[in-house]
Amino acid sequence: MRHHPHCPPRGVAHHTRVAGHFGELLQGRLGPDGPVALITLPCPALAVRATWKPGPGLGLWQGARPVLSGTRLRQLFATLGLGRARGRLRLRADMPPGGGAGASTAALLATARCLSGGALSPEAEAALCLSLEGATDPLMLARPERTLWAPRRAVALGSLPPLPAIDVVGGFAGAGRPTDPVDMRFADIDDLVADWRRTATRAGFAALASESARRNHALRGGPDPAPVQAAGRRLGALGVVAAHTGAALGLIFAPGTVPPDTGQTLRALGLFGVVRFRAGGAA
């Protein structure tokens, strides 16, 4: 699929910021043979910032956290119909690559918005990311937590009830694990999605997120959410949220109930890059 946005004028720098997510509230298959679906947890505290300045030649700077390869950047230019890759691109990611916080999707979106001047629709952005990565997070949506998303198809499978406001404190456990777009080995969460649609309380949503994390860890391995959840019980957390294909682990709290030592507790469990943010609530 090719897109043909207007290329920004030569010599003018363009800046964008795309927020990531923090794991998934739910992720798995809709029935034993159904599609992979997820409900993301948007994270305004973690983002990728891009600055692109048109010009001859091609330069790419990313610091200590490379989230976009030169090959992928050239593919992006070609897919956008912009011809040979050129200009100077700087990317800065707050989240580690492969951590389950949307670094690769956010980097693609931020770069594409610089190159296109923000001319692409959310549907076109989703199709673009899918064509380049084979799977995509729904970071192009205004309220992604209200959508049941098929990451390997880049389409919405349905609308969801609003998520009540929650406070989340979390970090990353170990090395990143990039998403494999052909990986279908996820737990069946068809029942959890049905319960999600009927739930209206923070405690209910948090319990479902905890169960999704538990089921998928039992099937797939990766960072164990159990120690974090046990610490959360002592801290008064409602539940746990995890990256189902990454290293993010966090605790879900009712707003205003996060104990001051929560971050220290998570660091003592081996988590790094600890952040705190609020998600959900009124639009």
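For the record, in the sequence shown the residue sitting at position 224 is 225 according to the numbering used here, with numbers rising by one throughout.
All C-beta atoms in this analysis are idealised placements derived from N, C-alpha and C, irrespective of residue type, glycine included.
In the DSSP assignment, find the alpha helix (DSSP H) that holds residue i and state where it starts and stops.
| i | result |
| --- | --- |
| Ser211 | Arg203 to Arg221 |
| Val229 | Ala227 to Leu236 |
| Thr106 | Ala104 to Ser117 |
| Leu164 | From DSSP, Leu164 is part of no alpha helix (DSSP H); its letter is neither H nor E. |
| Ser132 | Pro123 to Glu134 |
State the beta-bridge partners of residue i as determined by DSSP.
| i | result |
| --- | --- |
| Trp197 | Looking at the DSSP assignment, Trp197 forms no beta bridge with any residue, so it has no partner. |
| Asp189 | Arg30 |
| Ala170 | Residue 170 is actually Val in this sequence, not Ala. Partner(s): Leu252 and Arg277. |
Counting along the chain, where does the beta strand (DSSP E) carrying residue i start and finish?
| i | result |
| --- | --- |
| Ser160 | Val156 to Ser160 |
| Val276 | Phe273 to Ala280 |
| Ala94 | Gly88 to Ala94 |
| Gly240 | Gly240 to Ala243 |
| Thr289 | Residue 289 lies beyond the residue range present for the chain, which begins at 2 and ends at 284; the question has no answer from this structure. |
Inspect the beta-carbon positions of residue i and residue j and report whether they are closer than 7 Å.
| i | j | result |
| --- | --- | --- |
| Ala127 | Val68 | no |
| Gly99 | Ala243 | no |
| Ala166 | Leu158 | no |
| Gly171 | Ala248 | no |
| Leu26 | Ala280 | no |
| Ala20 | Leu149 | no |
| Leu59 | Ala86 | yes |
| Pro123 | Met141 | yes |
| Gly29 | Ala214 | no |
| Gln76 | Leu133 | yes |
| Phe254 | Ala231 | no |
| Phe278 | Ala46 | yes |
| Ala51 | Thr80 | no |
Residue i and residue j look like a contact to me (Cβ under 8 Å); what is the Cβ gap, rounded to whole Å?
| i | j | result |
| --- | --- | --- |
| Val229 | Leu252 | 7 Å |
| Leu31 | Asp191 | 5 Å |
| Val49 | Ala107 | 4 Å |
| Ala208 | Gly240 | 6 Å |
| Val13 | Pro55 | 7 Å |
query = Which full runs of the beta strand (DSSP E) of 3+ residues lie inside the region 5–82, going along the chain?
reply = List check, beta strand (DSSP E) in window: 15–30, 37–54 and 59–62.
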